[in-house]
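Taking this note's numbering, I'd label the letters of the sequence shown as residues 2 to 206. Yeah, the Cβ is synthetic: ideal placement off N, Cα and C, and Gly gets one too. Here the structure is a predicted model, which means the values were calculated and not measured.
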Amino acid sequence: MDHIRRNYVLCWLNSNINELDYIYEKVNSRLRHTVGSISVFDESDDFVDFITELQEKKSFLIISCVLCQYVVPLIQDIPQLVHIYVFCNHEKQHEGEWTRQFQKVHGVFNTIELMCNTLEQDIRQREFDMKSINVLSSSNGTNELDQSFMYTQLLKEILVKMDYDSCKAKKDLVTFLKLQYIDNNRMLEVLDEFERDYSLHSPIW
Numbered sequence: 002m003d004h005i006r007r008n009y010v011l012c013w014l015n016s017n018i019n020e021l022d023y024i025y026e027k028v029n030s031r032l033r034h035t036v037g038s039i040s041v042f043d044e045s046d047d048f049v050d051f052i053t054e055l056q057e058k059k060s061f062l063i064i065s066c067v068l069c070q071y072v073v074p075l076i077q078d079i080p081q082l083v084h085i086y087v088f089c090n091h092e093k094q095h096e097g098e099w100t101r102q103f104q105k106v107h108g109v110f111n112t113i114e115l116m117c118n119t120l121e122q123d124i125r126q127r128e129f130d131m132k133s134i135n136v137l138s139s140s141n142g143t144n145e146l147d148q149s150f151m152y153t154q155l156l157k158e159i160l161v162k163m164d165y166d167s168c169k170a171k172k173d174l175v176t177f178l179k180l181q182y183i184d185n186n187r188m189l190e191v192l193d194e195f196e197r198d199y200s201l202h203s204p205i206w
């Protein structure tokens, strides 16, 4: 997962210089192992310049409530930006209809703890999603398909395209097993019972 986490940058945009250092220390101590790096901005233009120049990385943004209504509409469609977290020291007075207009806003928070919990969950979910669809092996730096992905795809193709007849499948299984247990009367009785009674019971209990 480390190679995935290195692809994330956590940005903190806050125009209040006095608050910035205190918040940064708390967020940094909590999240420094969760994201690749943390960048701090007190000017929205500097942040926009930074995030639009990101090439291979994605960004999560913590933004102060003072700036959010002005900045969020401008940055919502930037593809490098994954999620936005609005931080307010006081009650969530900025949470309302306007935040629901923007898909990337993942909440308005008045405690660092709750905000960091949500951010960590989102990053873990994104790691899981990325791992699920990551088809290129990162171990050798080549463009070879990852083996587990290849085998999964092959198995899915076989299962989807396979003509399946449950009666014939059951008959083939019983025939095969009877040959295996030809000298075992107890197992032959069990197989006879299976062949006779299998379809009489629902597989769902």
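| Query | Result |
| --- | --- |
| Buried or exposed: Y199, going by 16 or more other Cβ atoms within 10 Å of its Cβ? | exposed |
| In whole angstroms, what is the alpha-carbon distance linking V72 and D78? | 12 Å |
| The alpha helix (DSSP H) that contains I52, what's its start and end? | 45–53 |
| Applying the criterion that 16 or more other CB atoms from any shown protein chain within 10 Å of the CB defines a buried residue, is S86 buried or exposed? | Here residue 86 is Tyr; the residue named in the question, Ser, does not match the sequence. Y86 comes out buried. |
| What residue range does the beta strand (DSSP E) around V88 cover? | In the sequence as displayed, the identity of residue 88 is Phe instead of Val. Where F88 is concerned, the enclosing beta strand (DSSP E) stretches over 82–88. |
| Starting from V41, trace the beta strand (DSSP E) both ways and give me its first and last residue. | 38–42 |
| Rounding to the nearest angstrom, what Cα-Cα distance links P80 and M163 in this structure? | 40 Å |
| Since I9 is in the beta strand (DSSP E), which residue starts that stretch and which ends it? | Strictly speaking, residue 9 in this sequence is Tyr, with Ile absent from that position. That run of the beta strand (DSSP E) goes 9–14. |
| Write down the C-beta distance between S45 and L62 rounded to the nearest angstrom, noting that I regard them as a contact closer than 8 Å. | Wrong, their Cβ atoms sit about 11 Å apart, outside the cutoff. |
| Exposed or buried, N185, counting other C-beta atoms within 10 Å across all chains shown (16 or more means buried)? | exposed |
| Can you tell me whether N103 is helix, strand or coil according to DSSP? | Looking at the sequence provided, one finds Phe at residue 103 rather than Asn. The answer is coil: DSSP assigns F103 none of H, G, I, E or B. |
| Could you check if S65 is buried or exposed, using at least 16 other CB atoms within 10 Å of its CB as the buried criterion? | buried |
| DSSP three-state label for I79, please. | coil |
| Near L189, what residues of its chain come up, given a Cβ to Cβ distance below 7 Å and the 5 sequence neighbours on each side ignored? | K179, Y182 |
| Which of the three DSSP states, helix, strand or coil, is assigned to I63? | strand |
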